[in-house]
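Written below as structure tokens is the structure these notes are about.
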Amino acid sequence: MAGRDDMWHPPADAWSRRDFLRNGFASAAFLCTLAPAARQGPRLVTSAALRARARSPFEPFRRDLPLIPEFLPVRQTRTTDYYESSIREGMADVLPGFQTPIYGYEGIYPGPTIRARKGRRVVVNQRNTLGFESNVHLHGGYVPAQFDGHPMDVIAPDGEFEYHYPNHQDAATLWYHDHAHGRTSRTLYYGLVAMYVLEDDLERELELPTGDYDVPLVIADHAFNKDGSFRYLENIDLGFRGDTILVNGAVSPRMRVERRKYRFRLLNGSNSRSYDLRLGKGRRMTQIAGDGGLLERPVGRRRMPLHPAERVDLVIDFRDYRPGTELVLHDADGEGSTVAIMRFDVARGGGREDFRVPRRLRPLEPLPAASADRTWRLGFGSGAWQINGKDFDPNRIDVSPRHRTSERWTFVNRSNRVHPMHIHGFLFRVLERSSGRVHPGDRLGWKDTVGVLPNETVAVLAWFGPYSGRYVFHCHSLEHADHAMMLQQEVVR
Ligand code: C2O
Ligand code: CU
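Given below as structure tokens:
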């Protein structure tokens with residue numbers, strides 16, 4: 030394998046002007062840190078201290094939430110939607126008054142959302158205009174191995190590749206991102222991240238909020254150089270931690286909402302940061318889906334943990350708030366202070382909607398018995414994070430589950446870091462957590478990524494049903510994955 034860094038560089042403008050630490054904004058100190066949680070209410074507004082710095086480009090709630098554009102197919106047949114996408118450099122309006130160089134699908138961050146229908150094929154031709162290898166992984170998708178975006182299956186510079194997605198799975202909030210081995214922590218950070226919303230008839234019958242009321246939210250932490258370019262500092266142990274939270278590419282934005290229910294599809298698109306989300310002073314949100322689609326029934330949540338790569342669909346009912354209320358979705362960092370993710374500004378009027386989230390969303394398939402039991406120890410060795418003491422080796426198959434069987438996989442984390450473990454190509458159910466009960470929001474649906482907490486052991490039941498072939502599983506803390514915290518499974522017939 031070629032060296033990891035020799036063919037990689039940040040987006041062009043950042044490269045010429047960046048000047049790491051010395052020029053950093055050091056934005057953390059005066060960023061969106063709010064009053065301690067205890068003093069927060071739904072009417073929380075920007076503190077006086079923040080108002081005094083009103084011209085800081087990091088001031089929260091200054092911009093409206095950017096809505097991610099939807100990808101339009103170039104051609105449709107009776108069975109298939111065709112898309113043409115280019116992986117390229119672009120400029121993003123992240124900080125007011127600055128242009129931020131990025132990499133993006135179609136040159137935007139986040140990339141355009143693909144809306145797919147169960148049973149209809151999607152074909153995306155991806156043209157790589159970057160000066161280094163790239164590829165595309167449909168995270169959470171049931172995808173034949175040759176289209177999965179295996180880290181070693183890459184598109185050469187100036188090359189293109191047609192990804193075929195059969196969409197033979199239930200409605201779910203999926204996402205797609207770069208996966209060329211060894212540099213995904215940087216390519217995702219610089220923007221190669223997008224949503225893929227899969228819909229089906231069963232879900233449609235539930236009449237959940239749609240259209241303007243179905244809103245994808247990509248949450249990711251970043252840091253900046255003085256010229257407004259993204260600043261990336263590698264930390265192999267902890268992973269990258271930025272000091273500024275972006276939602277859909279804007280610093281802690283605000284969104285004007287009507288007094289009715291909304292569906293928010295949240296993706297933690299951060300390199301390594303986990304969130305513990307609260308709405309106002311611990312107000313109720315309703316979780317209706319996780320990584321792999323709808324839960325069996327809605328689950329009320331006052332705090333919503335979200336590890337890297339995880340998705341949750343939340344319904345928030347803004348009829349519960351008086352017109353004019355400003356409601357902050359924030360991250361509780363566990364030290365008494367909170368960081369704003371975004372703010373919902375409840376509009377006047379409305380409140381007459383009578384839709385209720387159905388009590389039953391989707392029957393949960395009975396679990397097939399496990400035909401094998403495997404243990405994966407997550408630990409630090411040879412200067413990097415590893416699984417069972419091994420680094421990723423594309424020439425080695427680490428496990429060969431039989432096609433159409435289930436296996437119980439146990440992730441044992443004796444370290445002091447969170448490892449969000451992700452299996453490509455297959456979904457699983459969370460069975461047990463050594464730290465306590467499995468929350469219904471994790472238990473009542475399918476998942477593809479599970480946060481394994483410090484000193485925790487988590488057992489999952491994975492179903493190797495959809496396709497056979499070679500895939501990977503890895504930690505989705507991207508710095509861990511790049512430095513080889515990844516193994517290979519080959520599903521055999
Ligand atoms: Cu989000 Cu290997 O994936
Ligand atoms: Cu990890």
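According to the numbering used here, the sequence shown holds residues 30 to 522 in order.
All C-beta atoms in this analysis are idealised placements derived from N, C-alpha and C, irrespective of residue type, glycine included.
Span of the beta strand (DSSP E), counted from its first residue to its last, around residue i
i    : result
Y112 : T109 to A121
E325 : G322 to R330
R403 : A399 to G410
M284 : R283 to V286
M333 : M333 to L335
L262 : No beta strand (DSSP E) holds L262; DSSP gives it neither H nor E.
Q415 : A413 to I416
I274 : T273 to V276
Simplified DSSP assignment, three categories, for residue i
i    : result
T142 : strand
E394 : coil
E232 : helix
G240 : helix
Q155 : strand
Y218 : helix
H38  : coil
L73  : Residue confidence for L73 is low, a pLDDT of 37 falling below 50, so the modelled location carries little weight; the figure read from the coordinates is stated next. Here L73 sits in coil by DSSP.
L516 : strand
V501 : strand
A58  : Below a pLDDT of 50, predicted positions are generally treated as unreliable, and A58, at 36, falls in that range; the measurement from the model is reported next regardless. Of the three classes helix, strand and coil, the one that applies to A58 here is helix, per DSSP.
A201 : strand
A66  : For A66, the pLDDT reaches just 37, beneath the cut-off of 50, and the residue's location in the model is therefore unreliable, although a value from the coordinates is still provided. Looking at A66 - three-state DSSP - the assignment turns out to be helix.
R82  : Note on R82: pLDDT 48, under 50, position unreliable in the model; no value is reported.
W44  : Any reading at W44 must be qualified, since the residue scores a pLDDT of 45, below 50, and its modelled position is unreliable; the value itself is stated next. Reduced to three states, the DSSP call for W44 is helix.
H451 : strand
Q128 : coil
R522 : coil
A369 : strand
Residue i - containing alpha helix (DSSP H), residue span
i    : result
P469 : P469 to R472
A510 : L507 to D511
Beta carbon of residue i nearer than 8 angstroms to that of residue j
i    : j    : result
P282 : P141 : no
G278 : V501 : no
L323 : I248 : no
Y111 : P98  : no
F421 : M333 : no
K286 : D346 : First, the residue type needs correcting, since residue 286 is Val and not Lys in the sequence shown. No, Cβ-Cβ distance for V286 and D346 is not below 8 angstroms.
R406 : N417 : yes
Q155 : I116 : yes
F493 : F455 : yes
A369 : R307 : no
H206 : M181 : no
T486 : H451 : no
V226 : T202 : yes
G408 : S463 : no
N297 : H251 : no
Bridge-paired residues (DSSP) for residue i
i    : result
H166 : H206
D477 : Answer is none; D477 lacks a bridge partner.
E9   : The structure shown does not extend to residue 9, since the chain is modelled only from 30 to 522, so the question has no answer here.
D342 : R294 and A318
S435 : A399 and W492
F440 : W405 and V487
F253 : F259
Integer-rounded CB distance, given that residue j should sit under 8 angstroms from residue i
i    : j    : result
S214 : N300 : 5 angstroms
G220 : Y304 : 20 angstroms between Cβ atoms; not a contact.
R313 : G329 : 5 angstroms
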